[in-house]
Amino acid sequence: MTTITAAESQPFQAEVAELLHLMVHSVYSETDIFLRELISNASDACDKLRYEAIANPSLITDGAPPEIRIVPNKAANTLAVVDTGIGMERQELIDNLGTIARSGTRSFLSKLTEAKDGANLIGQFGVGFYAAFMVAEKIVVTSRRAGSDEVWAWSSEGGSGFEIAPASEEAASRVARGTEIVLHLKKDAAKYLEAYEIERIVREYSDNIQFPILLVPEEGEPRQINSASALWQRSKSELKPEDYAQAYKQIAGAFDEPAMTLHYRAEGRQSYAVLLFAPSQKPFDLFQVERKGKVKLYVRRVFIADDAELLPAYLRFIRGVIDSEDLPLNISREMLQNNPQLAQIRKAVTGRVIGELETLGEKEPETFAKIWDAFGPVIKEGLWEDFERRDKLLALARFTTTSGENRSLKQVVDDFKPNQTEIYYLVGDSVERLKSNPKLESARARGIEVLLLTDPVDAFWTSAPLDFGGKPLKSLSQGDVDFGLIPLADDKDDKKDEPAADAATTIAVIKDALGERVSDVRASQRLTASASCLVAGGDARDRALERLLAQQNRGAITKPVLEINLRHPLVAALAIDTAQAKDLSLLLFEQAQILDGELPDDPAAFAGRMNQLVLRGLGK
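Under the working numbering, the sequence shown has 202 at position 199, and the numbering climbs by one with no breaks.
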C-alpha cells in the first residue's frame with residue numbers, strides 16, 4: 004500500500020466546473036444562501052455520526068458532542084464552518100466535493116444560466132457547498148473521518164480542479180473529528196465576518212438545526228446562536244406562523260412559503276410527532292423516475308433516514324419530519340420497508356394529510372387551488388395506485404371542465420342535466436384542443452359539463468372502472484354514447500327534421516373504402532356539426548392511453564371505430580357520388596385522425612384528395 008504524502012491535483016467533473024464558473028462569475032442577490040447550505044451540510048454530518056454511533060459507539064468515545072462552530076477571522080479575511088460530525092476520508096472528499104453524483108445536474112445548470120437569481124435553485128438542487136464560491140476566492144476543507152487517524156485537506160480556487168493532500172500537523176490538531184471548511188473571502192464579502200450578520204442568517208435559516216451552532220468571536224467566549232430545539236416536539240400554542248415558515252425553509256431546504264402546515268402529536272398505541280408542509284412551488288425533482296418522498300424519519304430526535312417512504316409516492320411533494328418515540332434506534336434501512344409499526348404510522352399520517360387537504364379545499368379554496376395547480380398531476384397518481392383511498396382522492400380532485408376551472412366532482416354532479424346518469428370526460432394534449440374536439444358537440448348542445456383532462460397521468464387513472472357517488476365516469480372517446488334522454492339546451496339545435504343519408508348504404512360504402520383501417524363504422528350520437536370522429540370500441544382502451552403507451556413502445560394502437568354524422572353534407576354526398584366514394588371516405592377518416600392529433604397515414608395522398616375536393620367546389 005502506497006502512502007500519499009504530496010499534494011495531488013485532480014480535475015473537477017465537467018458539470019462541477021461549469022457550475023463553479025457560474026458561481027464565480029455571476030452575482031446573485033441572495034448570497035446568504037452559502038452559510039445556510041454549509042450549516043445544513045454540517046448538521047447532516049452530525050446526524051450521520053449519531054446514526055452510525057448506534058451500531059459503533061466507539062466513534063464517539065472521545066466525548067466531543069456533535070456541534071457546529073462558526074469562526075470569523077477579520078485579520079486573515081477567513082470564515083470557518085467547523086463540525087464535529089462523521090467527517091470524510093480521502094476518497095469521500097474527492098467524491099463529495101469533486102463530483103455531483105445526482106440526477107438533474109444538467110437541468111439545474113440550464114435553469115441557473117437562465118435565472119436572474121439562482122439562490123432558490125441552489126437550494127432545490129442540493130449543490131449547496133459550491134454556493135460558497137459566490138463569496139470565497141479559495142476554499143480549504145480539512146476532514147478526519149470518525150474513528151480514523153488520517154486527516155486530509157482539500158482545496159480549490161474555483162477553477163478547473165482541486166488539490167488533495169494529507170493535512171498539516173497544525174490543521175490535523177484542530178480537527179479531532181469532523182470537518183473544517185475555511186473560506187478565504189472575496190473583498191466584497193467582508194460583511195460575513197461581522198457577528199451580527201452571521202447571527203441574522205442563522206436566525207433566519209438555521210435556528211431549528213438540532214445541534215448547537217456556536218459563534219466563536221475573535222474576542223470573548225463562544226456563544227450559542229440558535230435555539231437547537233426540535234420544533235415539531237413543541238406545542239402548537241408556543242409557535243407562531245413565522246416559526247413554521249422558518250422551520251419549513253430549514254427542513255425542506257426551500258425558499259418559498261408553505262401553502263399548508265400540518266403539526267400534531269399522536270398518542271396511544273404509538274407515540275410520534277408530525278410536522279409536515281405542502282410547498283407553494285413545484286420542487287425540481289417532482290417527476291423523477293424514483294418518485295422518492297422527502298419526509299425525514301427521526302427516532303427520539305435522532306435522524307434515521309430521509310427516504311423511508313413515510314407517505315405514498317403520490318404525496319411525495321410533502322416535506323417535513325416524523326419523529327417516533329417507539330421505533331428502535333438501531334432500525335436499518337432494510338427493516339424500514341417491512342416494519343409493522345412504521346406501516347401503521349404511514350397509514351395514519353397519509354389519512355391525516357388527505358383529510359387536511361380536504362379541509363383546506365372546503366375552508367380555503369384559493370389556497371387549495373394553488374396546491375392543486377402545482378401538485379394535482381401527482382396526487383392523481385393515487386387514483387390509479389391507491390384503491391383504498393380512491394373515493395377520497397376523487398372528492399379531493401379539481402378539474403378544468405367545459406364550465407370552468409377548479410371544479411370538483413361534487414359540483415359537476417350537482418349541475419347534472421335532467422336524465423343525466425354519467426360523468427363525461429375527454430383526455431387530450433391541451434384544453435384548447437379538447438374544447439374544439441367534435442366529440443363534445445352533442446354534449447355541448449345539451450349543456451352537459453365535460454371534464455377536460457390534459458395531464459399524462461389522466462390517460463391511466465381513467466382506464467380503471469370509476470364512479471363518484473354512484474355516477475360512473477364515461478369517456479366521450481370510448482364505447483357508445485347516447486344522449487337521447489337528455490333534452491337539448493336550445494330547441495333550435497334539434498335537426499331531426501333535416502334530411503339524412505341512408506345509414507345502411509352509407510356505412511357499407513365507407514366500410515368497403517376503408518377496409519382494415521377501422522374496426523367498425525357507425526352512426527354517431529356525439530356529432531352535430533362535424534362530419535366524423537374516431538373512438539375506441541367498448542372493450543378497447545381509450546385512444547389517448549393507447550397513443551401514450553405506443554410512444555413508450557408498450558403496446559400497439561388498435562383499429563378505431565369511425566363514427567359519422569349522417570346529416571353532414573359530406574357524408575350525404577357519399578351515397579350520391581359513387582365515383583368519389585372512396586376518396587370521400589378516406590377524407591372522412593383522415594380528417595378524424597387530424598382532429599384527434601394524429602397524422603394521416605399518407606399525408607401526400609390526403610393533400611391530393613383535399614385539393615381535388617376544393618377544385619371541384621370551385622368548378623375547376
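Each residue gets a CB set at the ideal place from its N, CA and C atoms; glycine is no exception. Remember, predicted model here, so these are calculated numbers, not experimental data.
With a cut-off of 8 Å on Cβ pairs, the stretch 509-527 is not in contact with the stretch 459-467, counting fewer than three such pairs. In this structure the stretch 47-67 touches the stretch 302-310; the number of beta carbon pairs closer than 8 Å is three or more. For T509, the enclosing alpha helix (DSSP H) stretches over residues A506 to L517.
Distance check between Q528 and each of I489, N76, V617 and A78 places I489 closest, using alpha-carbon atoms only. By alpha-carbon distance to I510, the top candidate from K585, K477 and L399 is K585. The beta carbon of A543 sits closer than 6 Å to the beta carbons of T561 from its chain, once the five residues preceding and following it are set aside; these are given in chain order. S12 places its beta carbon less than 9 Å from that of F165. Where T145 is concerned, the enclosing beta strand (DSSP E) starts and stops at A139 to R147. Annotation for E166: the continuous beta strand (DSSP E) segment containing it runs G164 to P169. In the DSSP secondary-structure assignment, W157 is bridged to V144 and I167. If only uninterrupted alpha helix (DSSP H) runs of at least 4 residues are considered, none is enclosed by the stretch 39-77. Assigned with DSSP and collapsed to three states, Q227 falls in strand. When the alpha-carbon of A250 is set against those of P220, N211, L491 and K243, the nearest one is in N211. Less than 9 Å separates the beta-carbon of A262 from that of A377. Where L429 is concerned, there is no enclosing alpha helix (DSSP H), although the beta strand (DSSP E) around it starts and stops at I426 to V430.
Leaving aside the five residues that flank A311 on each side, the residues in its chain whose CB is nearer than 6 Å to its CB run, in chain order, L300 and L339. The beta-bridge partner set that DSSP reports for M263 consists of A281.
For L218, no alpha helix (DSSP H) segment is defined; the enclosing uninterrupted segment is the beta strand (DSSP E) at I216 to L218. Relative to Y275, the option among A233, G256, A257 and V292 whose CA is nearest is A233.
With distances taken between CA atoms, G482 lies nearest to C536 out of C536, L437 and V292. Residue environment for P606: exposed (fewer than 16 other C-beta atoms within 10 angstroms of its C-beta). F486 and L530 have their C-alpha atoms spaced approximately 11 Å apart. About 10 Å separates the beta carbon of P282 from that of F258, a gap too long to meet the 8 Å contact definition.
Nearest C-alpha to I36 among K141, S146 and I201: I201. Within the stretch 375-434, the beta strand (DSSP E) runs of at least 3 residues that lie entirely inside it are, in chain order, 402-404, 407-410 and 426-430.
Within the stretch 520-592, the complete beta strand (DSSP E) segments of 3 residues or longer fall at 523-526, 535-538 and 564-567, listed in chain order. With a threshold of 16 other beta carbon atoms within 10 Å, E173 falls short and is exposed.
Counting of Cβ neighbours within 10 angstroms places F290 among the exposed residues, the total staying below 16. Note on N440: 16 or more other CB atoms within 10 angstroms of its CB, so buried under the neighbour-count rule. The three-state secondary structure of P343, taken from DSSP, is helix. Per DSSP, reduced to three states, the secondary structure at Q94 is helical. Residue burial is scored here from C-beta neighbours: N44 has at least 16 other C-beta atoms within 10 angstroms and is therefore classed as buried. A contact between stretches requires three or more CB pairs, one per stretch, nearer than 8 Å, and the stretch 73-92 meets this requirement with the stretch 181-190. The beta carbon of T403 sits closer than 6 Å to those of V434 and L455, all from its chain and outside the five residues before and after it, given in chain order. In the assembly as shown, Y199 is an exposed residue. Its beta-carbon has fewer than 16 other beta-carbons within 10 Å. Residue state for V352 is assigned as helix, using DSSP reduced to three classes.
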